[in-house]
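Using the numbering used here, count along the sequence shown one by one with no gaps and you end on 142. For every residue, glycine included, the Cβ atom is placed at its ideal position computed from N, Cα and C. All figures in this text were calculated on a predicted structure; none of them were measured in a lab. Only one structure is covered here, and it is reproduced in the block below.
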Amino acid sequence: MSASTEATITAFNEAFGHHDVDAVMALMTDDCIFENTLPTPDGERHVGQKAVREFWKQFFHDSPRATFETEEMVVAGDRAAVRWRFDWGDGHIRGIDLFKVRDGKVAEKLSYVKG
Numbered sequence: 028m029s030a031s032t033e034a035t036i037t038a039f040n041e042a043f044g045h046h047d048v049d050a051v052m053a054l055m056t057d058d059c060i061f062e063n064t065l066p067t068p069d070g071e072r073h074v075g076q077k078a079v080r081e082f083w084k085q086f087f088h089d090s091p092r093a094t095f096e097t098e099e100m101v102v103a104g105d106r107a108a109v110r111w112r113f114d115w116g117d118g119h120i121r122g123i124d125l126f127k128v129r130d131g132k133v134a135e136k137l138s139y140v141k142g
């Protein structure tokens with residue numbers, strides 16, 4: 028359902044914006060997949076609650092001033108594309124996340140950046 032997908036992604040992005048690892052992980056499936064933008068060219072792939080949680084803990088620790096702004100969200104069934112801007116204080120990047128939602132939780136988050 029699109030409404031459920033949109034609500035899940037909105038809640039996920041709000042938790043992410045607050046650097047709330049527990050809330051982010053509560054919105055991800057046990058077998059979740061996250062593909063980071065780094066290292067180039069393909070990024071790292073993290074699979075499962077434990078691996079993804081560890082990544083987010085380190086990421087938020089290393090980027091305490093970081094802010095995340097959703098610029099646009101397009102939802103199609105259980106999938107969503109989110110165009111975003113990520114600002115860490117003395118710089119920023121823009122990119123897109125491709126999400127897959129299952130049973131009201133994020134099953135997959137694949138991240139890509141410009142440049």
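Beta bridge counterpart(s) of residue i as assigned by DSSP
i, result
"R72", "E62"
Close Cβ partners of residue i (< 8 Å) along its chain, the five nearest in sequence each way excluded
i, result
"V133", "T35, I36, F39, L54, M55, T56, C59, F126 and K127"
"K141", "I120, R121 and G122"
"R106", "T32, L125, F126, K127 and V128"
Beta-carbon proximity list for residue i, same chain, < 6 Å, skipping 5 on both sides
i, result
"K136", "F61, D124 and F126"
"V74", "I60"
"A213", "Any question about residue 213 goes unanswered here, given that the chain covers just 28 to 142."
"R72", "E62"
Reduced DSSP secondary structure (H/G/I, E/B, other) of residue i
i, result
"D49", "helix"
Nearest-angstrom Cβ-Cβ length linking residue i and residue j, presumed shorter than 8 Å
i, j, result
"T64", "S138", "5 Å"
"D97", "W83", "Strictly speaking, residue 97 in this sequence is Thr, with Asp absent from that position. Not really, about 18 Å apart at Cβ, beyond 8 Å."
"G131", "F95", "That pair is no contact at about 21 Å."
"F87", "H46", "4 Å"
Cβ shell of residue i (< 7 Å), same chain only, five flanking positions each side left out
i, result
"D49", "none"
"G116", "R92"
Runs of alpha helix (DSSP H) lying entirely within the stretch 64 to 140, each at least 4 residues, in chain order: 76 to 89
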